[in-house]
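Novice:
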Amino acid sequence: MIKYIFIFLILASNLLNSQIRIDSAFGKIGLSTEMAITISPELLEQNINMEGKFTLSNPTVFFPDSVTTLASGLNCSLTRLNEFDYEFTVSGALSGDLTDSLDIFIVGELLAGYDSICVLNFDYIKVGSTILSDLSGIVVSESIGTPLPYVRRTVLSMNYPNPILAGESTEWAYKIDLPSEVRFIIYDLTGKVYEDIDLGLVPPGQHKFVFQTNPTFAAGVYLINFISPIASNKRMFMVIK
Numbered sequence: 330m331i332k333y334i335f336i337f338l339i340l341a342s343n344l345l346n347s348q349i350r351i352d353s354a355f356g357k358i359g360l361s362t363e364m365a366i367t368i369s370p371e372l373l374e375q376n377i378n379m380e381g382k383f384t385l386s387n388p389t390v391f392f393p394d395s396v397t398t399l400a401s402g403l404n405c406s407l408t409r410l411n412e413f414d415y416e417f418t419v420s421g422a423l424s425g426d427l428t429d430s431l432d433i434f435i436v437g438e439l440l441a442g443y444d445s446i447c448v449l450n451f452d453y454i455k456v457g458s459t460i461l462s463d464l465s466g467i468v469v470s471e472s473i474g475t476p477l478p479y480v481r482r483t484v485l486s487m488n489y490p491n492p493i494l495a496g497e498s499t500e501w502a503y504k505i506d507l508p509s510e511v512r513f514i515i516y517d518l519t520g521k522v523y524e525d526i527d528l529g530l531v532p533p534g535q536h537k538f539v540f541q542t543n544p545t546f547a548a549g550v551y552l553i554n555f556i557s558p559i560a561s562n563k564r565m566f567m568v569i570k
């Protein structure tokens, strides 16, 4: 009951702000979910420059890995400052008229944390010259079956940059909570393996994996499989000519 009262209070406070609305996100542990940030037309211009910063109340519940939008012509990025703090940017030129609102999505994975609620407290969201603060949204996770303790041990972020030109490099951030043997396999959608890299024993913490393509690397869609004895994570990326 206390949980739902808490959710109601946050939803009520968001309704008081007519320029930016932040929706709640719900989902099952182990799956991806997204939090929608809706920007009203009155804040929009043809050229969008948007930035923001938020803090997680409980990083064992939600791991943000990207910012996306369905609007064409916009570039989105998410930067992880530390376990709790993130910054994001959205920029580019909107196509069409500006009579509709713009939806931005913070996408991430629901983890088996020691709670089921994570609050995203936004220090600020800046759209053009307008700065709004004291905004918040909530992510609520639900267990499949009996609730478990915090058992998540590996996380793999989206790579940056993506897509990349043949001959360029790209990198992924990954996190492990225990010392683990780490291996990365890169293959195409037919299952053909292009790289199989064994990093050996890696200490716990946040790490980066850099993949360097050569100029003759075939253009297409690829998968990277991050493998450890505890878990496996997959991400998709593109190489273009």
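Under my numbering, the first residue of the sequence shown is numbered 330, with each subsequent residue one higher. Glycine is no exception: its CB is placed at the ideal position from the N, C-alpha and C atoms.
Can you name, in chain order, every residue of its own chain whose Cβ lies under 8 Å from the Cβ of E500, other than the five neighbours on each side?
Specialist: N488, Y489, K537, F538, V539, F540
Novice: Given that a residue counts as buried once 16 or more other Cβ atoms are within 10 Å of its Cβ, and exposed if not, what is A354?
Specialist: buried
Novice: Does the region 500 to 519 come close enough to the region 455 to 469 that 3 or more CB-CB pairs lie under 8 Å?
Specialist: no
Novice: Short of 7 Å in beta carbon distance, which residues of its chain neighbour S386, apart from the five on each side in sequence? Order them along the chain.
Specialist: Excluding residues within five positions, the ones whose Cβ falls inside 7 Å are C447, V448, N450.
Novice: Give a yes or no on contact between the region 516 to 526 and the region 429 to 443, applying the rule of three or more CB pairs nearer than 8 Å.
Specialist: Judged by Cβ distances under 8 Å, the region 516 to 526 makes no contact with the region 429 to 443, as fewer than three pairs qualify.
Novice: For L485 versus N562, is the C-beta distance shorter than 8 Å?
Specialist: yes
Novice: On a CA-only basis, which of P393, S420, D429 is nearest L360? Give me that one, please.
Specialist: P393
Novice: Compute every distance between the C-beta of N543 and the non-hydrogen atoms of the ligand ATP, then say whether any falls below 7 Å.
Specialist: The ligand ATP is absent from the structure shown, which contains no ligand whatsoever.
Novice: Excluding the 5 residues preceding and the 5 following F417 in the sequence, name in chain order all residues of the same chain whose CB lies nearer than 6 Å to its CB.
Specialist: G381, V396, L407
Novice: With distances taken from CA atoms, which of F513, D527, Q535, K455 is nearest R564?
Specialist: Among F513, D527, Q535, K455, the Cα nearest to that of R564 belongs to F513.
Novice: Please report how far the alpha carbon of I569 lies from the alpha carbon of S472, in whole angstroms.
Specialist: Each residue's Cα considered, the two are about 39 Å apart.
Novice: Starting from F513, follow its DSSP beta bridges and name the residues at the other end.
Specialist: I526, F555
Novice: Assign S424 to one of two classes, buried (16 or more other C-beta atoms within 10 Å of its C-beta) or exposed (fewer than that).
Specialist: exposed
Novice: Could you have a look at E327 and say whether DSSP puts it in helix, strand or coil?
Specialist: Look at the range of the chain in this structure, 330 to 570, and you will see that residue 327 is not part of it.
Novice: Determine the burial state of L338: buried for a count of at least 16 other Cβ atoms within 10 Å of its Cβ, exposed for fewer.
Specialist: Annotation note: pLDDT 45 at L338 (below 50); position unreliable, coordinate value reported separately. Classification for L338: exposed.
Novice: The beta strand (DSSP E) that contains Y489, what's its start and end?
Specialist: That residue, Y489, is in no beta strand (DSSP E); it is neither H nor E in DSSP.
Novice: Beta-carbon within less than 8 Å of L345's beta-carbon, same chain only, minus the 5 sequence neighbours each way: which residues are those?
Specialist: With a pLDDT of 43 at L345, under the threshold of 50, the modelled position of this residue cannot be trusted; read the value that follows with caution. Nothing meets the Cβ criterion.
Novice: Since I433 contacts I366 with CB under 8 Å, what's their CB separation in whole angstroms?
Specialist: Taking 8 Å as the upper bound for CB-CB distance, I433 and I366 are in contact here, some 4 Å apart.
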